[in-house]
Every structure is written in structure tokens, then in C-alpha cells.
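Take the sequence shown: its letter number 115 is residue 115 in the UniProt record's numbering, and every next letter is one higher.
Using N, Cα and C, we set each Cβ at its ideal position, and we do this for glycine too.
As the structure is a prediction and not an experimental result, all values here were calculated from the model.
Since the structure comes first, as C-alpha cells, the remarks are kept for the end.
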Amino acid sequence: MNPNEKYYQMRIGDLNYGNHVGHDRLVTLVHDARCSLFEKYGLNELSIGQEECSLIVNEIHFYYKSELHFLDNIKITSCFFDLNLCSVKINSVVYNTDKNIISAIGNVKLVGFHFKKNKILKLPEEFKNLVEKYFVSEPISL
């Protein structure tokens, strides 16, 4: 599978007091890229094949390799890995395309969730079949 790609340019509002992109902003950028991945397959995190099944973040990890600064251009690639009964992980790699280096690698674990009942659900078969079709066995890591 080719990972989903999303491109951004860092804005002044993306910077923190250290004059580089902060953790909170990186989480937001990766979330936006993840939404683009779902949109590519006609889904969104609030409806993954069954009306009552949504996805929520259960875990999130980032490994930082280099800082991002004002006007840096980046590419975020996202792909599915580690599919289970109730969860799936998404690997996201943040590339600084100006310097041709990796700036961060992130993994997000999403679990099936029913908001009205406030409980974890099994992932729908339709969703699991789609993920398996575009699944990678080895995500990019450090």
C-alpha cells in the first residue's frame, strides 16, 4: 500500500515559545492527516461502517528527530498497522521536505467506541476488511 500523504507549511501560529513547532500542534497536524486517510476511503472517525461505531484515541506516541520552524514545508504519511479485535494503529511520519529529513514519527492507537453507550466496541467487519486491504506489516520506526 502507498501511504496517504498530506502536505503543510508551518505558520507562525504553529510555533511555541521555543520558536519551533510544539507537541500540541504536531498532534493536531497528525490528526488532520489521519482524517485525510479516512476520507480517502470514504470514512471518518465518527462513522467507520456502522452508525454506532466511532473511533477514539487510546494511545499516542511521538518520537522527535528534528525541530520544525516557521515556513518549513512538511509531508505527513499515514498508514494502518497492528489491527486487532477492537483497535487499529496508524503510523504517521513527518518529513521536513525542505531538508529531506524525518522530523517525527508517531503511532496512534484508535479503538472502536459507542458514544451513546460510552463503551468500547469491536471494529466492524467492513472496516477491518478495508484496513487489511491497505495494511502494512512493518511501520516506519526509529
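| Asked | Found |
| --- | --- |
| Give me the residue from 13, 4, 129, 140 with the minimum Cα distance to residue 68. | 13 |
| Could you check what DSSP says for residue 27 in three-state terms: helix, strand or coil? | helix |
| Mind reading off the beta-carbon distance from residue 45 to residue 29? Whole number of angstroms is fine, and I expect it under 8 Å. | At roughly 16 Å, the Cβ-Cβ gap does not stay under 8 Å, so residue 45 and residue 29 are not in contact. |
| For residue 110 and residue 11, I'd like the C-alpha separation in whole angstroms. | 28 Å |
| Would you call residue 42 buried or exposed, if buried means 16 or more other Cβ atoms sit within 10 Å of its Cβ? | exposed |
| What first and last residue would you give for the alpha helix (DSSP H) that runs through residue 5? | That residue, residue 5, is in no alpha helix (DSSP H); its beta strand (DSSP E) goes 4-9. |
| Count the other CB atoms within 10 Å of the CB of residue 18; is the residue buried (16 or more) or exposed (fewer)? | exposed |
| When you compare only the Cα positions, how much space is there between residue 119 and residue 77? | 30 Å |
| Out of 25, 85, 100, state which residue places its alpha-carbon closest to the alpha-carbon of residue 128. | 85 |
| Please classify residue 132: does DSSP put it in a helix, a strand, or coil? | helix |
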